[in-house]
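Chains as they are written, first to last, in my numbering: chain A, 146 to 586; chain B, 4 to 312. The beta-carbon is built from N, C-alpha and C at its ideal position, and this holds for glycine as well. None of the values given here were measured: they were computed from a predicted structure.
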Amino acid sequence: MARGLLTHAAHNTVQITDQGDFTMITRRAAAQALASATLSAAVLAAVGATSLSPARAEDKVVKVGISLSLTGADAHSANLIANGAILAIEQANAAAEIPGYKIEIMKLDDGTATAGQYDPAQAATNARKMVSDKDVVAAVGPQMSGAGKAMAPILSQGDLATITPSSTNPDITNPKFADQYRPAGKPIYFRTVTTDAFQGPNMANYMAETLKVKSVYVLDDSGAYGVGLADAFQAQAEKKGIKVMGRDRLDPKAADYTAVLTKIKQLNPDALYYGGVLQAGVKLAKQAYDIVPNMIKAGGDGVYGPEMLNAVGYPANEGWYATIASPHLSGSDKVGEFSRLYASRFGEQPDDYAITAYDAGLVIVDAIKRVAASGKPVTRDAVRDAIQTSKVPTLQGTVSFDANGDLADRTVSIFQIKQDKSAKPDDMDKQYRYIAVAPQS
Amino acid sequence: MTTFDLLLQQTINGLSLGAMYALLALGFTLVYGILELINFSHFNVFMVGSFIAMYTLQMFGISGQNVILTGLPLIGVLLMAFAATMLGSGLIGVVIERVSLRPLRNVKGPAAMITTIGVSYILFNIVLLTIGADSKNFPNPLPPAQIDIGGAVLRLREVLIWAVSFVLMLGLYYFVQKTKLGKAMRATAQDPEAARMMGVEVDRIIVTAFFLGSALAGAGGMIFGLYYNFTSFIIGFTAGLRAFTAAVLGGIGNVPGAMVGGIIIGLIEAMTGQWPGTAWSDVIIFGILVLVLVFRPAGLFGRLAPNKS
């Protein structure tokens, strides 16, 4: 099973319940285990019955789900994100942050080999898996908005809160679509990033105000995130007086985009904006370099990832603009301690979405802790309510959410890929050069 | 760029795509012509081929886009990489035939075809689990030479793709038409029983068809890498499906038909990317396929051996 093997490669110290594998038990071993279990249960019952104060039992276990696109074109980014959340939870366990409780991780993959990227059907399956396990009290993820749209209604029915460190499509938390994405009423989709309602438009502002772009061609990858981001960008670009010369939709599984790029070359706009993730993004960047090498090219957080550095490579990726829906922190002194820990634990540097994932982990740990401290049972419902009222100091500052689950802070940061020969070619921090906070309109 | 330049540029784009589809389509057609079997494992032999090419080029010290060769070293490296890739992929084809299809040779019904789908997924998952899920930066040793024709651009890599495909197709045509083994192949395609009675070793012919088809798929995989400068475990399905469409369009079982079908599909894909837009490419490609099949069920060129019982 692809999923089982992949997740196994990614972790080794946290105890992770993976639904894909099981241990072989011989009949004799099983009989022995059964016998000793019965015995110890009997002993425990006896102790419980005779002593007035309850015996110090084992820590209670609660689970936190992590569902990301670990297979396919965004796998490397997904791993950076997963490790951020895992680190937060490992630290909480190691420091016994929540007395009497131990957090286990249920790590799931919503990417499938046939989709080559996130697969909404798999995301829905993962949501059901988490909802059906009573011990799962909160989740981190998903990475992709297309997965989020499939998961949100199921999580809503199951009253299970998730915190996404990277999915930015605004519809999921928009009260206008509450019927669709939170049919049970309460917000369950929280974010430690802002949304494309800011990410797209703010880049349009930057293009108009700073890059002095007069005309643009817009592409998307036909996914939920890509279409939404491109729409939001396009609307603001028009408002800013940028002429939108055309809009096309890429099939992420097709290999060839030379036809549409040739069309763009002939129209000769000042800039090309791509709303989408990396399955199409990698190919687009490569072929755009061949056909329209000098055009300004930009995308959202979909083109912020190590694959742009590894798979596209220099010089094709040089000059691409990318935004992220959070403040830029990686590499700064504020996160120095975190980066060192992360690098020593996982062998690579975190990027900004590893940081938002770590923050998501901190918010969940804090919520569970507050519920446990109040003496109430740690249930999903209680944890959700606690997340809603969070005021948690995290790496990006104090995280709190609005009534729909969106992050109060709405910073969008802009980067540009500029080769740094002294650093590792896939060092996110060095190769993506931070430019500025995108202008808010 | 004038409209004419645009048309010319899209034709260049389409011919490059078409050459790749044609190479792949030949593999479908060769196997179908002899076994009447649609070999879906072909999709991912193509994909594995591009990985073999990538590792071969990397063994010559070429990685990413930074090492550029010219002249004799370039030709030598390319020749060796093509040879290694085609040999490797050809052998994979032979193994697939020997291990998974020969035992099913006399089983009636769709068992063999379903098996090829299974083998396709096995190859796919082996690559996914051993090499990884992310796209790979395919080494590109070609110098960025290009000629401007009006507003259109013809790159060295396009010329190379056309040349390689042309040579391979010519070689295949010669092999099938002029050699003794080719003659035996055509005889087997017409009537395997009669061919067997005439002393043709049918098993050997089938193995040859698998070897040749898979070797061409491998060459197609290497061309894919050189043209797009990337490869990934997922590239087999879209390219394979289009190539299969090309084979059907040309008349499955027909060698020149596969070549022409490939070129047509490539051109349609490029032109629909221009007018009305990429989102429509598949609709139009498969629409044309349906139309052709409605009016000419045997495809544009019919079958080379229509009288097989």
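{"Check": "Below-7 Å beta-carbon distance, Ile268(B) vs any chain A residue", "Outcome": "no"}
{"Check": "Chain A residues whose Cβ lies nearer than 9 Å to that of Asp285(B)", "Outcome": "Asp396, Ala399"}
{"Check": "Unbroken stretches of the beta strand (DSSP E), 3 residues or longer, contained in the stretch 112-199 of chain B", "Outcome": "149-152, 155-158"}
{"Check": "Min CB distance Asp151(B) to chain A below 7 Å", "Outcome": "no"}
{"Check": "Endpoints, alpha helix (DSSP H) assigned at Val3(B)", "Outcome": "Lying outside 4 to 312, the shown extent of chain B, residue 3(B) is not represented and no answer is given."}
{"Check": "Gln267(A) and Thr257(A) closer than 7 Å at C-beta", "Outcome": "yes"}
{"Check": "contact_flag[the stretch 208-222 of chain B, the stretch 26-43 of chain B] where n(CB pairs < 8 Å) is 3 or more", "Outcome": "yes"}
{"Check": "CB of Ala166(B) within 7 Å of CB of Gly52(B), strictly", "Outcome": "no"}
{"Check": "Sequence-distant residues of its chain with Cβ nearer than 8 Å to Thr5(B) (five each side left out)", "Outcome": "Gly153, Gly154"}
{"Check": "Endpoints, the alpha helix (DSSP H) within which Arg394(A) is located", "Outcome": "Premise fails: Arg394(A) lies in the beta strand (DSSP E), 388-394, not in any alpha helix (DSSP H)."}
{"Check": "Counterpart residues of Met4(B) in DSSP-defined beta bridges", "Outcome": "DSSP lists no partner for Met4(B)."}
{"Check": "Buried/exposed call for Thr216(A), threshold 16 Cβ in 10 Å", "Outcome": "buried"}
{"Check": "Beta-carbon proximity of Leu374(A) to Gly286(A), cut-off 7 Å", "Outcome": "no"}
{"Check": "Proximity below 7 Å, CB of Asp574(A) to CB of Gly476(A)", "Outcome": "yes"}
{"Check": "Proximal residues to Val70(B) (C-beta, below 8 Å), its chain only, five neighbours per side dropped", "Outcome": "Gly64, Pro142, Pro144"}
{"Check": "Sequence-distant residues of the same chain with beta carbon closer than 6 Å to Asn455(A), five excluded per side", "Outcome": "Asp571"}
{"Check": "Closer than 9 Å at the beta carbon, the chain B residues around Leu405(A)", "Outcome": "Before going on, a small fix: residue 405(A) reads as Val here, not Leu. Neighbours of Val405(A) on chain B, chain order: Gly276, Gln277, Gly280, Thr281."}
{"Check": "is_contact[Val528(A), chain B] using C-beta, thresh 7 Å", "Outcome": "no"}
{"Check": "For Gly426(A), the nearest candidate out of Met440(A), Trp465(A), Gly391(A) (CA to CA)", "Outcome": "Trp465(A)"}
{"Check": "Cβ distance (whole Å) where Gln262(A) is taken to contact Pro397(A) below 8 Å", "Outcome": "7 Å"}
{"Check": "C-beta atoms of Leu2(B) and Ala86(B) nearer than 7 Å", "Outcome": "This structure does not reach residue 2(B), given that chain B is present from 4 up to 312, and the question cannot be answered."}
{"Check": "Neighbour flag for Ile129(B) against chain A, beta carbons, 7 Å", "Outcome": "no"}
{"Check": "Residue of Phe298(B), Ala261(B), Val293(B) minimising C-alpha distance to Met23(B)", "Outcome": "Ala261(B)"}
{"Check": "Residue nearest to Pro279(B) in terms of C-alpha spacing, selected from Gln432(A), Ala404(A), Leu429(A), Leu423(A)", "Outcome": "Ala404(A)"}
{"Check": "Interface positions of the stretch 337-348 of chain A facing chain B (Cβ-Cβ less than 9 Å), listed along the chain", "Outcome": "none"}
{"Check": "Val192(A) - DSSP class collapsed to helix/strand/coil", "Outcome": "With a pLDDT of only 41 at Val192(A), under the threshold of 50, the placement of this residue in the model should not be trusted; the figure read from the coordinates follows. The answer is helix: DSSP assigns Val192(A) an H, G or I state."}
{"Check": "Contacts around Ser301(A), its chain only, beta-carbon distance under 6 Å, and the 5 residues preceding and following it disregarded", "Outcome": "Arg327, Pro328, Ala329, Ile333"}
{"Check": "Residues in the stretch 451-467 of chain A having any Cβ partner in chain B nearer than 9 Å", "Outcome": "Pro451, Glu452, Asn455, Ala456, Val457, Gly458, Tyr459, Pro460, Ala461"}
{"Check": "Beta-carbon separation (whole angstroms), Leu253(A) vs Tyr487(A), contact threshold 8 Å", "Outcome": "Contact doesn't hold; Cβ gap of about 22 Å is too wide."}
{"Check": "Ala220(A) at chain E interface by Cβ criterion, 7 Å", "Outcome": "Considering every chain present, this structure includes no chain E. Its protein chains are A and B."}
{"Check": "Expected contact under 8 Å - CB spacing of Thr339(A) and Val557(A) to nearest Å", "Outcome": "7 Å"}
{"Check": "Span of the beta strand (DSSP E) around Lys410(A)", "Outcome": "Here Lys410(A) belongs to no beta strand (DSSP E); instead the alpha helix (DSSP H) covers 403-412."}
{"Check": "Contact with chain B by Lys575(A), beta-carbon distance below 7 Å", "Outcome": "no"}
{"Check": "Under 7 Å from the C-beta of Val427(A): neighbouring residues of chain B", "Outcome": "Ser138, Phe233"}
{"Check": "Distance between Ile134(B) and Ala502(A) (C-alpha atoms, nearest Å)", "Outcome": "26 Å"}
{"Check": "Check whether Tyr459(A) and Gln432(A) have beta carbons under 7 Å apart", "Outcome": "no"}
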